[in-house]
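Enquirer: Please find one structure pasted underneath; my questions will follow.
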Amino acid sequence: MSAAPTQQGRLATEFAKGVWKENPVFVQVLGMCPTLAVTNSVANAIAMGVATFFVLVGSSFLVSLLRKLIPREIRISTYIIIIATFVTLADSALEALVPAVHHELGAFIALIVVNCIILGRQEAFAAKNPPLLAIADAAGMGLGFCIALLCLGGTREILGSGSFLGVSLFGPHFEPWVIMILPPGGFFMLGTALMLFAWMKQRRAARDGALA
Amino acid sequence: MTPRDPHLLLQAAPFLRRGITTPRLMTEVVIGLGPVVLAACYYFGLSALLVLAATSAGAVAAEVALGSARPRGASIRDGSAILTGLVLGLTLPPGIPLWMACIGGLVAVGLGKLPFGGLGQNLFNPALIGRAFLQAAFPGALTSWTSQAGPSSFFHVHPSSLALPFMQAAPDALASATPLGMMKFEHHATAFSDLLLGNTSGSLGETCGLVILICGIVMAIRRVFDWRIPVCILLTVLAVSGAIWAFGQGRYPSPWFMLGSGGLLLGAIYMATDPVTSPMSPRGAWIFGAGVGVLVVLIRLWGGLPEGVMYAILLMNAATPLIDRVSQPRPLGRGRAVA
Chain A
1 MSAAPTQQGR LATEFAKGVW KENPVFVQVL GMCPTLAVTN SVANAIAMGV
51 ATFFVLVGSS FLVSLLRKLI PREIRISTYI IIIATFVTLA DSALEALVPA
101 VHHELGAFIA LIVVNCIILG RQEAFAAKNP PLLAIADAAG MGLGFCIALL
151 CLGGTREILG SGSFLGVSLF GPHFEPWVIM ILPPGGFFML GTALMLFAWM
201 KQRRAARDGA LA
Chain B
213 MTPRDPHLLL QAAPFLRRGI TTPRLMTEVV IGLGPVVLAA CYYFGLSALL
263 VLAATSAGAV AAEVALGSAR PRGASIRDGS AILTGLVLGL TLPPGIPLWM
313 ACIGGLVAVG LGKLPFGGLG QNLFNPALIG RAFLQAAFPG ALTSWTSQAG
363 PSSFFHVHPS SLALPFMQAA PDALASATPL GMMKFEHHAT AFSDLLLGNT
413 SGSLGETCGL VILICGIVMA IRRVFDWRIP VCILLTVLAV SGAIWAFGQG
463 RYPSPWFMLG SGGLLLGAIY MATDPVTSPM SPRGAWIFGA GVGVLVVLIR
513 LWGGLPEGVM YAILLMNAAT PLIDRVSQPR PLGRGRAVA
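Residue numbers (the numbering used here), protein chains in the order written: chain A, 1 to 212; chain B, 213 to 551.
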């Protein structure tokens, strides 16, 4: 961080870190439950990602606004109530707009309340920073989560059903990899992605070491 | 085993070695697999060779691609990848599309071995991981057994083998049930002599029991593997299924059928004996073998699938660290072993 970062530069940094360097799924390995459970198709992944994005940005903004009013002792329960408010909004919106996807996601929408990415951002960032920064941070993390879900959901749907967003890619004779849309496929793809990230980190470390 | 002439031996114990290195052991097993591979070619023709080539290519490709990322470097020279590929190929049905076989090889090494840290670190038998993955991903292709072509039509390649990558195989007109499938779904037992001579349908390497047995005995005498494991597996299967057969009054298959059918001999001799994934001590070997035997019988008789050797071995692989803990030999002069 330079000595006097401009407001815009600070916003950009806070936004960018969640997308890649501190990606909530691939780097922080948070929010595993929805990551594994609802990434069996692209549509589910998008719905989950958008809902989480909305809840994350909304509650980060509100928590940041109220950060000086919330007593320290009951902050966690306050965060949960704020988060639950936005989850209820998202739940109703999804049910009205895309009932089929809402039915498929089932309890996982309600479970966004206990998604540790969201609670983590409130405690680690929103409660200590002004609203604009909190929104930038939440948007970055939310986008990173969406990208991660989309990567996993895309791979799993392409291999497991031969389609992307329900559009068939390989024609009627495609042989689906049944395992990919089952829970083990989620673990395999997540493991592969984490392996890839670890490998890239190693390479970067080796390169930095060679430079230094 | 000729001891070199040491003028001054500057090294720590152990001083007596059998001169067995990993590449040498792998070569021994590959040679031990030779007759089984030949039998597979005899019964299933060129398709067998193609499938084995595809699985080995997949396994070696994974080793080359991912092995270099490991801290200890690639272990391509010790031949373990090719061995994994061969063993995996022998467990697959003869008409499997080659692209699936290749993916099986990739998964076997890329998922079953390297993420654990490479050869010697893997918890599960890599070849069986590959097969379990294929079984879960492509259940249809893994359970359509094409019947034997026989030596007369050696160059006939199953049309399903040549399916384009990611595409379905054309249904094979010559499909037929394996002895275990016939037992499970039609209650028809195959004669023991047919099982021994390989005159049945099944996966590439499992049909000819006699060849596997002879290879196993030769390898056991050459001490390529611990003889206790296969002996204990086979004896347990005989004993447990014999008891069930005796009490079941014709409802259950005979113990000899259980012994000769399916992948039991192949699995007991070539997969359960993998030194990496089986217990180290003799006592552990007995426990391991008994566990595999009991599980095989349970899965075959009461499970959903006709065959259970793969899952039995994988489950006991998972139990191996525990078995190693409780079966640790007690050092001389020490009190009760700490379990």
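A virtual CB, placed ideally from N, CA and C, is assigned to each residue, including glycine.
For chain B, is any of its Cβ atoms less than 9 Å away from the one on P34(A)?
Expert: Chain B contact via Cβ: absent.
Enquirer: Considering only the alpha carbon of each residue, which of F404(B), F437(B), P442(B) and E240(B) lies closest to G291(B)?
Expert: Considering only alpha carbons, the answer is E240(B).
Enquirer: Run through the DSSP bridge pairs and tell me what M180(A) is partnered with.
Expert: Note: M180(A) sits in no beta bridge, so no partner.
Enquirer: Between L182(A) and chain B, is any beta-carbon pair separated by less than 9 Å?
Expert: By this cut-off, L182(A) is an interface position.
Enquirer: According to DSSP, is V29(A) part of a helix, a strand, or is it coil?
Expert: Of the three classes helix, strand and coil, the one that applies to V29(A) here is coil, per DSSP.
Enquirer: Rounded to whole angstroms, what is the Cα-Cα separation between D406(B) and A252(B)?
Expert: So the two alpha carbons sit approximately 15 Å from each other.
Enquirer: By the DSSP assignment, the alpha helix (DSSP H) with Q333(B) in it spans what residues?
Expert: Counting along the chain, Q333(B) falls outside any alpha helix (DSSP H), and DSSP gives it neither H nor E.
Enquirer: Return yes when the Cβ of F125(A) is within less than 9 Å of the Cβ of M48(A), no when it is not.
Expert: No. Outside cutoff.
Enquirer: Report all residues from its chain with a CB closer than 7 Å to the CB of C151(A); omit the five preceding and five following residues, and keep chain order.
Expert: Only A193 meet the Cβ criterion.
Enquirer: How many angstroms separate the CA atom of L527(B) from the CA atom of R512(B)?
Expert: Computed Cα separation, rounded: 15 Å.
Enquirer: DSSP three-state call for F61(A): helix, strand or coil?
Expert: In this structure, F61(A) counts as helix in the three-state DSSP scheme.
Enquirer: For V55(A), write down the residues that DSSP places opposite it in a beta bridge.
Expert: Answer is none; V55(A) lacks a bridge partner.
Enquirer: Among P467(B), T485(B), F345(B) and A497(B), which has the Cα closest to the Cα of M431(B)?
Expert: The shortest Cα separation from M431(B) among P467(B), T485(B), F345(B) and A497(B) belongs to T485(B).
Enquirer: From A93(A), A90(A), I80(A) and G106(A), pick the residue whose C-alpha is nearest to that of V113(A); which is it?
Expert: Residue I80(A) is the option with its Cα nearest to V113(A).
Enquirer: Flag V443(B) as yes when its Cβ comes closer than 8 Å to any non-hydrogen atom of the ligand MG, and as no otherwise.
Expert: Of ligands this structure carries none, so the ligand MG is not represented either.
Enquirer: Are G329(B) and P338(B) close, meaning C-beta to C-beta below 9 Å?
Expert: Contact: no.
Enquirer: Below 8 Å on C-beta distance, what does M195(A) contact in chain B?
Expert: By Cβ distance, chain B contributes P327.
Enquirer: At the 9 Å Cβ level, is G352(B) part of the contact set with chain C, yes or no?
Expert: Among the protein chains of the structure shown, namely A and B, there is no chain C.
Enquirer: Where does M492(B) fall in DSSP's three states?
Expert: Residue state, collapsed to three classes: coil.
Enquirer: From the beta carbon of M379(B), is the nearest beta carbon of chain A less than 9 Å away?
Expert: Yes - at least one Cβ of chain A is within 9 Å of the one on M379(B).
Enquirer: Whose C-alpha, out of M180(A), V178(A), E157(A) and I179(A), is nearest the C-alpha of L169(A)?
Expert: Of the listed residues, the one whose Cα sits closest to L169(A) is E157(A).
Enquirer: For a test of the three-state rule: what should DSSP assign to F174(A), helix, strand or coil?
Expert: Correct three-state label for F174(A): strand.
Enquirer: If G505(B) and T448(B) are in contact, beta carbons under 8 Å, what's the gap, nearest whole angstrom?
Expert: The Cβ separation is near 3 Å, so the contact holds.
Enquirer: Given a cut-off of 9 Å, decide if S373(B) and L310(B) are closer than it, judged by their beta-carbon atoms.
Expert: Contact: yes.
Enquirer: Check whether the region 64-77 of chain A and the region 184-198 of chain A touch, using three or more Cβ-Cβ pairs below 8 Å as the test.
Expert: Counting Cβ pairs under 8 Å, fewer than three are found: no touch.
Enquirer: Buried or exposed, going by whether 16 or more other CB atoms sit within 10 Å of the CB of D208(A)?
Expert: Per the 10 Å Cβ criterion, exposed.
Enquirer: Assign V29(A) to buried or exposed, taking buried as 16 or more other Cβ atoms, counted over all protein chains shown, within 10 Å of its Cβ.
Expert: V29(A) should be labelled exposed.
Enquirer: Whose Cβ in chain B lies nearer than 7 Å to the Cβ of V167(A)?
Expert: The premise fails here: V167(A) is roughly 16 Å from chain B at the closest Cβ pair, so nothing lies under 7 Å.
Enquirer: If the cut is a Cβ gap below 8 Å, which residues of chain A does F345(B) touch?
Expert: Chain A residues near F345(B): I179.
Enquirer: W357(B): which of A271(B), P391(B), I341(B) and L300(B) sits nearest, CA to CA?
Expert: It is P391(B).
Enquirer: If you run the structure through DSSP and keep just helix, strand and coil, what is S41(A)?
Expert: Coil, per DSSP.
Enquirer: Write down the C-beta distance between L376(B) and G342(B) rounded to the nearest angstrom, noting that I regard them as a contact closer than 8 Å.
Expert: Going by Cβ atoms, the distance from L376(B) to G342(B) rounds to 21 Å, so no, they are not a contact pair.
Enquirer: Mind listing which residues of the region 397-408 of chain B have their C-beta closer than 9 Å to chain A's C-betas, in chain order?
Expert: Within the region 397-408 of chain B, no residue qualifies.
Enquirer: Going by beta carbon distance, what residues of the same chain come within less than 7 Å of G142(A), once the five residues before and after it are set aside?
Expert: So the qualifying residues of the chain are T52, F53, L56 and V57.
Enquirer: For A139(A), count neighbouring Cβ atoms within 10 angstroms of its own Cβ and tell me buried if that reaches 16, exposed if not.
Expert: When all chains shown are included, A139(A) counts as buried.
Enquirer: Got a sec: is the Cβ-Cβ distance from G9(A) to anything in chain B below 9 Å?
Expert: By this cut-off, G9(A) is not an interface position.
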